[in-house]
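Only one structure is covered here, and it is reproduced in the block below.
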Amino acid sequence: MEFALYLLLGAAAGVLAGLFGVGGGIIIVPVLVFSFSAQGFAPEILTQLAVGTSLATIIFTSINSVREHHRRGAVVWPIVRWMALGILLGAGFGALTAAAIKGPLLQKIIGVFALVIAAQMAFELRPKASAPVPGKLGLTAAGGVIGWASAIFGIGGGSLSVPFLSWRSVPIQQAVATSSACGFPIAVASALSFMLIGWHNPLLPDWSLGFVYLPAMVGIAFTSMFFARFGARLAHKLPPRLLRRLFALLLFCVGLNFLL
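Numbering (my numbering), first residue to last: 9 to 268.
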């Protein structure tokens, strides 16, 4: 039963990753928290386990999403290269930060983040293009901040990098595509960090590699790799206003549940 849930979750995450460049983690983490709690996993580690597992699945989600965006020529690779330098460092620090926060508090932090993203998507709060793309140092610094926050929330960084790139005058389709490409180094660096940090934790369930739960990772990754390409195609064909608002409503419910 749990594995079927992971398959469905992967399909939803894949579509979201391709459509919005958000990596799908903003949905994966809450569902995994509820699932792990129902399975009786230790409350002290289940939130970190959900975050680490989410980041591991984004490795697979991002591959097909990026391939589709690259095929359409939408990824700005020079931006990706310099942001990735900061991402690799920031993601490691973010994993350490998340591991140091107690599970219930981390859930509340994720709940607040979900509400903020819900408001952003519902009201289309995107900064206006008012500044040029920064230089190499600026991109690296931005990547560090985005990598740090993404590792804490278990996301691919699209919720942060898409607004940043839009503000820096990158057209929205290129911003989504470039954000998807940045999600790969975020996921790799963060997932490896969560594996290492949780490696010897005695509370972990069987089939775990540190703070990555393998059955969930496999189930989500299996379907998300197929549906990410579908989502990327939709991003180039459909006006996503209605989808954004429905997604925002879902995030609003998730955030409130975590806080209450």
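The beta-carbon is built from N, C-alpha and C at its ideal position, and this holds for glycine as well.
Simplified DSSP assignment, three categories, for residue i
{"i": "Ser-187", "result": "helix"}
{"i": "Ser-177", "result": "coil"}
{"i": "Ser-198", "result": "helix"}
{"i": "Ser-216", "result": "strand"}
{"i": "His-208", "result": "coil"}
{"i": "Pro-51", "result": "coil"}
{"i": "Thr-137", "result": "Inspection of the sequence shows that residue 137 is occupied by Ala rather than by Thr. Note: Ala-137 maps to coil in three-state DSSP."}
{"i": "Thr-129", "result": "Looking at the sequence itself, residue 129 is Met, so the reference to Thr does not match. The answer is helix: DSSP assigns Met-129 an H, G or I state."}
{"i": "Pro-171", "result": "helix"}
{"i": "Gly-143", "result": "coil"}
{"i": "Met-9", "result": "coil"}
{"i": "Ala-82", "result": "coil"}
Integer Cβ distance of residue i from residue j, believed to fall under 8 Å
{"i": "Phe-44", "j": "Leu-57", "result": "6 Å"}
{"i": "Cys-190", "j": "Met-91", "result": "5 Å"}
{"i": "Ala-195", "j": "Leu-97", "result": "Ala-195 to Leu-97, Cβ: 15 Å. No contact."}
{"i": "Tyr-221", "j": "Pro-213", "result": "7 Å"}
{"i": "Phe-230", "j": "Gly-18", "result": "6 Å"}
{"i": "Phe-192", "j": "Ser-70", "result": "4 Å"}
{"i": "Ser-167", "j": "Ala-137", "result": "Not confirmed; about 18 Å, so no contact."}
{"i": "Ile-205", "j": "Ala-103", "result": "6 Å"}
{"i": "Phe-234", "j": "Gly-33", "result": "About 18 Å; that fails the 8 Å criterion."}
{"i": "Gln-181", "j": "His-78", "result": "That pair is no contact at about 13 Å."}
Residue nearest to residue i in terms of C-alpha spacing, selected from the options
{"i": "Trp-207", "options": "Ala-107, Ala-46, Val-37, Glu-76", "result": "Ala-107"}
{"i": "Gly-239", "options": "Ala-20, Leu-63, Phe-11", "result": "Ala-20"}
{"i": "Gly-146", "options": "Leu-93, Val-262, Met-203, Val-83", "result": "Leu-93"}
{"i": "Asn-72", "options": "Gly-263, Ala-236, Ile-53, Ala-82", "result": "Ala-236"}
{"i": "Ile-35", "options": "Thr-61, Gly-98, Val-184, Pro-210", "result": "Thr-61"}
{"i": "Pro-112", "options": "Pro-223, Phe-219, Phe-230, Thr-55", "result": "Thr-55"}
{"i": "Ile-66", "options": "Ile-163, Asn-209, Leu-267, Lys-245", "result": "Ile-163"}
{"i": "Phe-357", "options": "Val-59, Ala-50, Ala-126, Leu-40", "result": "In the structure as shown, the chain begins at 9 and stops at 268. Residue 357 is therefore absent and cannot be evaluated."}
{"i": "Ser-198", "options": "Gly-48, Ala-82, Leu-114, Ser-158", "result": "Ser-158"}
{"i": "Pro-38", "options": "Leu-24, Asn-209, Gly-119", "result": "Gly-119"}
{"i": "Gly-155", "options": "Ala-122, Ala-229, Val-184, Ser-201", "result": "Ser-201"}
{"i": "Gln-47", "options": "Leu-13, Ser-70, Gly-22, Ala-185", "result": "Leu-13"}
{"i": "Ile-87", "options": "Gly-151, Gln-181, Ile-205", "result": "Gly-151"}
{"i": "Pro-223", "options": "Ile-117, Leu-40, Val-153", "result": "Leu-40"}
{"i": "Arg-134", "options": "Ile-109, Thr-105, Pro-179", "result": "Pro-179"}
{"i": "Ala-99", "options": "Gly-165, Leu-24, Leu-27", "result": "Gly-165"}
{"i": "Val-153", "options": "Leu-27, Phe-101, Val-83", "result": "Phe-101"}
{"i": "Arg-89", "options": "Phe-131, Thr-148, Leu-24, Met-225", "result": "Thr-148"}
{"i": "Leu-268", "options": "Arg-249, Leu-24, Ile-117, Leu-27", "result": "Ile-117"}
Limits of the unbroken alpha helix (DSSP H) element including residue i
{"i": "Met-225", "result": "222-243"}
{"i": "Met-91", "result": "85-108"}
{"i": "Gly-33", "result": "33-46"}
{"i": "Leu-268", "result": "From DSSP, Leu-268 is part of no alpha helix (DSSP H); its letter is neither H nor E."}
{"i": "Ile-163", "result": "No alpha helix (DSSP H) contains Ile-163, which DSSP labels as neither H nor E."}
Residue i versus residue j: straight-line alpha-carbon distance, rounded
{"i": "Leu-242", "j": "Gly-143", "result": "32 Å"}
{"i": "Ser-1", "j": "Arg-253", "result": "Outside the displayed range of the chain (9 to 268) lies residue 1, so it cannot be described from this structure."}
{"i": "Phe-11", "j": "Pro-140", "result": "46 Å"}
{"i": "Ile-160", "j": "Met-203", "result": "14 Å"}
{"i": "Arg-75", "j": "Gly-227", "result": "21 Å"}
{"i": "Arg-215", "j": "Leu-258", "result": "It should be pointed out that residue 215 corresponds to Trp in this sequence rather than to Arg. So the alpha carbons of these two residues sit roughly 30 Å apart."}
{"i": "Ser-174", "j": "Ile-95", "result": "18 Å"}
{"i": "Ser-188", "j": "Ser-169", "result": "9 Å"}
{"i": "Leu-123", "j": "Cys-261", "result": "8 Å"}
{"i": "Trp-85", "j": "Thr-186", "result": "7 Å"}
{"i": "Ala-183", "j": "Leu-15", "result": "28 Å"}
{"i": "Ile-53", "j": "Gly-218", "result": "10 Å"}
{"i": "Met-9", "j": "Leu-264", "result": "26 Å"}
{"i": "Gln-115", "j": "Val-59", "result": "10 Å"}
{"i": "Leu-27", "j": "Phe-131", "result": "17 Å"}
Short CB-CB distance (under 8 Å) between residue i and chain B
{"i": "Ile-154", "result": "Absent from the structure is chain B; it holds one protein chain and no more."}
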